[in-house]
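Residue numbers (my numbering): 1 to 299.
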């Protein structure tokens, strides 16, 4: 089993700094690895915490140089930022543009260490394709979205370098069949059974967020069963779960119980991704709590 942990970086006006901490102290990649993580997914709030100059190659170089100065040995996946810095505007035209994002990959590759294993698409919307088609076909699509051809181009480029491409969409719904995680036929703008692509066709690994941890409008068991059922229906062996927690588990007994529930359903998958905020203390707490209550560590 491989474990992927999200590691946040943030532009401070001069360079991108690591936000990884332990109990308000800066944490290192050794601290990260010692919690049981095999891979670090380097993120920056989908781009909102990443410098933006308009030059994808330059921005990718700057980000990679800052990241690989700190993360030099643990295998990493580097984010491809969707949003501009501190903005809700995309870095490129999401309908037909792709130049910025393709050049970002080139920029990262220039400064990447040997520990680069792939890239992470940072737009988390599980409806990023259908909203694109709604906008193109009848001007009814809601941002954010992306042209599937852009994702296909990125996938081909990343694979040409022997690297992998991953996605961690958020899907707080039991109607998972209406997301863009798997391909589907759907009525769009009066077009009956319009053929929509799915992320599982482009990305090597997809880790789906249930957002159950602090929003439990439904049973995690029902959600996990739906995920498994759709994977079986589509023969999708690359779609897994993300486990979610943060420091609130330390003081909130309900949150820690919900966070521990993920372990019951994620253990059937060969890969797991973890969101834990920025403080490794949350992982230490959950490892001990789940070991005592379930007989299994969180990570």
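Where a beta carbon is used, it is the ideal one built from N, C-alpha and C, also for glycine.
| Query | Result |
| --- | --- |
| How do the stretch 113–124 and the stretch 175–191 stand: do at least 3 beta-carbon pairs fall below 8 angstroms, yes or no? | no |
| Taking the beta strand (DSSP E) that residue 241 falls in, what are its first and last residues? | 239–244 |
| Note down, in chain order, each residue of its chain lying with its Cβ closer than 7 angstroms to the Cβ of residue 214, except the 5 sequence neighbours on either side. | 255 |
| CB residue 200 to CB residue 236, shorter than 7 angstroms? | yes |
| How many Å lie between residue 284 and residue 190 at the Cα? | 51 angstroms |
| Suppose the cutoff is 6 angstroms on Cβ atoms and the five residues either side in sequence are ignored; what does the same chain contact list for residue 138 look like? | 189 |
| Could you pull the start and end residues of the alpha helix (DSSP H) that residue 196 belongs to? | Per DSSP, residue 196 belongs to no alpha helix (DSSP H); it is in the beta strand (DSSP E), 191–196. |
| For residue 98, does the three-state DSSP call read helix, strand or coil? | coil |
| Assign residue 149 to buried or exposed, taking buried as 16 or more other Cβ atoms, counted over all protein chains shown, within 10 Å of its Cβ. | exposed |
| Between the Cα of residue 29 and those of 61, 48, 6, 56, spot the shortest distance and give me the residue it belongs to. | 6 |
| Considering just the uninterrupted stretch of the alpha helix (DSSP H) at residue 39, what are its terminal residues? | Here residue 39 belongs to no alpha helix (DSSP H); instead the beta strand (DSSP E) covers 39–43. |
| Once the 5 residues before and after residue 17 are set aside, which same chain residues still bring their CB inside 7 angstroms of it? | 9, 10 |
| Please name the residue, chosen from 35, 55, 70, that lies closest to residue 19 on a Cα-to-Cα basis. | 70 |
| Could you pull out every residue in the same chain whose Cβ sits closer than 7 angstroms to the Cβ of residue 52, ignoring the five residues on either side in sequence? | 59, 84, 85, 91 |
| If you follow the beta strand (DSSP E) that residue 186 is in, where does it begin and where does it stop? | 184–188 |
| Going by DSSP in three states, residue 213 sits in which element: helix, strand or coil? | coil |
| How far does the beta strand (DSSP E) with residue 17 in it extend, from its first residue to its last? | 16–18 |
| Mind checking who residue 272 pairs with in its DSSP beta bridge? | 3 |
| Would the stretch 90–107 and the stretch 153–163 be scored as touching if the rule is three or more Cβ pairs under 8 angstroms? | yes |
| Taking the C-alpha atoms as reference points, what is the distance between residue 31 and residue 74? | 11 angstroms |
| According to DSSP, residue 84 sits in a beta bridge with which residue or residues? | Paired residues: none, contrary to the question. |
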